[in-house]
Amino acid sequence: MNTRAAMLPVMCALLMLTACAKAPTEQIAAAEKAVTEAQQSGAATYVADEYAKIEGTMAALKKEVSDQDGKLALFRDYGKAEQLAAAAKSDAERVKVEAATKKEEAKAAALQAQQVAQEAVASTLALVAKAPTGKDRAALESIKADADALKESLNQVQAAIDAADYPAAQTKAKAIHEKSQAVSQEIEAALAKIGKGKPSAAKKK
Amino acid sequence: MVLGWGALALAGLFTGCVEAVPQDAIEAVENIDRDLMELRAAEFSPVDYARFAHQWMALKSRVQADEDLIRWPWEPNDLELALRRLQEEGSQTVARLTKEREALRHLAESKIAQVEDRFRVMAVQVSAIDSRLVLGQKPVETDLLMKQAHAFYEQGQYDRSLDASDRAARNLATQAVLLGNEFGRYADRGRISRWQQMAKDTIAWSRTHQTSAIVVNKADRVLTLYHNGQKVLSYPVRLGFNGIREKRYQGDGATPEGRYRISRKRGQGQTQFYRALVLDYPNEEDRRRYRLERKTGQIPGSRAIGGQIEIHGVENELMAQTLGCVMLENPQMTLLFDRVEKGTPVTIVGALHEQNSVAQTLVLLGVQREET
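Top to bottom, those sequences are chains A and B.
The numbering of the first sequence is my numbering, which starts it at 66 and goes up by one.
The numbering of the second sequence is my numbering, which starts it at 205 and goes up by one.
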């Protein structure tokens, strides 16, 4: 009986040693999943600083878990790791929404610019089509080459949108719009000149 | 007495203790973070910002853990030291990135100015030698890239601005190569000698036959009438919209080069261009070259050789272009028309001297291409 009583504290100590705190693996996995989702939503591009901080928190979390893992089981405390995992998860979820919103805004702006550019180019091409054939068309030949180049450039806008490079798509579309307007003005000026003269019939040259 | 000593010790305990982390140290690092965000360091220098953010987040977690602690003033405070160190490193990063961004901004600005200047020169030169069509879509592509370079610059995206400017510069270099390929013959001594010989032969023929002959110099855009081997008159002319090129097929807008004769004179009422001298284009040499180029696929099968090349007046004064003919002002056309006959030789050459306008343009663009 005395021997059993003497063993009791030893047993308790052993129990404590083996049953102490465990790493919050589920919370960490949940945080990692949230960070991955944030990254996939474009956080590294659209909210780069926030995303970098979340990665910093994740690095701190891993270090904390590693530090605790290195201690004797009795002295392990994963409370701070749990807090960091919870903070990383919550921040990642917020940033994911923020990045998705910004990405959508950028996409909408690019699509809007693309539409404006398409309309401007269509209008320019319509003006080119109005130009009379024959001798007087000579002045419009180079303008026509420009209009064709603008039409070709619209493909680059679409390619940038497909690659989700919305800033490139938007700047290219705006450039096309601007240039298209300039070319249209040039055509109108040329047409005005032709209007004052007589259009002539096509001729072998 | 005992109570008094106890109270004194307690008072000492409270007045002698300090916060685990001084608030000013935290605020200083927060300010650095704000500065880095304003510099958009995470976008433009992600490695630097990630290093800072990792350290800052690690220290922040320690700050939160130690928030409720108080310590003796003489105890070493590792956390405060780490924060001060991060503040120092962060300040240096802010200073360095500010400097780097300013240098990048300056570089982007200079590059835009440099490429725009080159683009302007190219446009002026190309327009001067009527060779815009040779470049196809390239000028518009360059223009669009430069507009993008400006837009990225305004957005503070200096690296993307530089990229767009670089691509525009490469596009301009390609244009210079295209011009060189197309118009290199204007700078070719052998070719110029042949043209000079053609002109000499024509003048000699005029002298020998005591009659008129015409020489058209495309590079200088000059028509010269000779009589008995002597220069009688010289007028500026306009060529087709692609006139500086060598005519290859119908509709290319180019003006042919070679020895021709006036095959017909069209007076008022017989032409829509005031008065016209119809040339016997295509001659045998034109036909031989056309057949060869068609055979080798250089000319599409659907293209005819063309014809109706004339020296004519102006139908519509407001339109200063023709489709491949040689165009004169109407008063000058009158004088020329009266001095020539059916059968008068007309020799059209590219250039008559090495320092011609096209060759000079090529030299100018070549030099600038190397500088870009």
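Built from N, CA and C at the ideal position, the CB exists for glycine as well.
- A Cβ-Cβ separation of about 26 angstroms leaves A403(B) out of contact with V518(B) under the 8 angstroms criterion.
- A straight-line Cα-Cα distance of about 47 angstroms links R289(B) and L176(A).
- Shortest Cα-Cα distance from E533(B) to any of D484(B), R266(B), P440(B) involves P440(B).
- Using a Cβ-Cβ cut-off of 7 angstroms, D347(B) is close to K244 of chain A, given in chain order.
- Its chain contains S416, I418, L429, I466, K469, L481 as the residues whose beta carbon lies nearer than 8 angstroms to that of V544(B), once the 5 sequence neighbours on both sides are disregarded; these appear in chain order.
- Under the rule that a run must span 4 or more residues, the alpha helix (DSSP H) segments found entirely inside the stretch 471 to 506 of chain B read 488 to 499.
- Under the 8 angstroms criterion on CB atoms, K195(A) is classed as non-interfacial with respect to chain B.
- One thing to note: D211(A) has its Cβ no nearer than 8 angstroms to the Cβ of V328(B).
- Annotation: the continuous beta strand (DSSP E) that includes N421(B) extends over 416 to 421.
- Taking a C-beta cut-off of 8 angstroms against chain B, the contacting residues of the stretch 205 to 220 of chain A are E206, S207, A210, D211, D213, A214, L215, E217, S218, listed in chain order.
- Collapsing the DSSP output to three states places K451(B) in coil.
- In the DSSP assignment, K435(B) falls within the unbroken beta strand (DSSP E) covering 434 to 440.
- The residue among E243(A), L215(A), E158(A) with its C-alpha nearest the C-alpha of L190(A) is L215(A).
- Counting the other CB atoms within 10 Å of its CB gives F477(B) a total of 16 or more, which places it among the buried residues.
- Residues of the stretch 114 to 131 of chain A whose Cβ lies closer than 9 angstroms to any Cβ of chain B, in chain order: D114, E115, Y116, A117, K118, I119, E120, G121, T122, M123, A124, A125, L126, K128, E129.
- For the pair G294(B) and K154(A), the Cα-to-Cα distance works out to about 26 angstroms.
- Taking the Cβ atoms as the reference, Y116(A) lies roughly 13 angstroms from V162(A), outside the contact range of under 8 angstroms.
- Taking a beta-carbon distance threshold of 8 angstroms, P250(B) counts as an interface residue toward chain A.
- Taking a C-beta cut-off of 7 angstroms against chain A, none of the residues of the stretch 296 to 312 of chain B qualify.
- At a C-beta separation below 8 angstroms, Q379(B) has no neighbours in chain A, since its nearest C-beta there lies roughly 13 angstroms away.
- In the DSSP annotation of this structure, V251(B) is not part of any beta strand (DSSP E); the continuous alpha helix (DSSP H) holding it starts and ends at 250 to 269.
- Contacts with chain A at 8 angstroms (Cβ-Cβ) include Q352(B).
- A check of alpha carbon separations from D367(B) across N421(B), P277(B), F356(B) identifies F356(B) as the nearest.
- For I515(B), the enclosing beta strand (DSSP E) starts and ends at 514 to 516.
- Residues of chain A with a Cβ closer than 7 angstroms to the Cβ of Y253(B) are, in chain order, D114, A117.
- Chain A places no beta carbon closer than 8 angstroms to that of W409(B), leaving this residue out of the contacts.
- With its beta carbon at least 8 angstroms from every one in chain A, A480(B) lies outside the interface.
- Annotation for T551(B): the continuous beta strand (DSSP E) segment containing it runs 549 to 553.
- Annotated three-state conformation of G340(B) is coil, per DSSP.
- Listed in chain order, the non-local C-beta contacts of Q246(A) below 7 angstroms within the same chain comprise A185, local neighbours out to five positions each way being set aside.
- The beta carbon of D370(B) sits closer than 7 angstroms to no other beta carbon from its chain once the five residues preceding and following it are set aside.
- Look at the stretch 228 to 261 of chain A and you find these whole runs of alpha helix (DSSP H), each 4 residues long or longer: 231 to 261.
- When the alpha-carbon of N446(B) is set against those of E386(B), D282(B), Q401(B), the nearest one is in E386(B).
- With a threshold of 8 angstroms between beta carbons, T101(A) makes no contact with chain B.
- Interface flag for S397(B) against chain A is unset, since no Cβ pair is found closer than 8 angstroms.
- Counting along the chain, the unbroken alpha helix (DSSP H) around Y362(B) starts and ends at 362 to 387.
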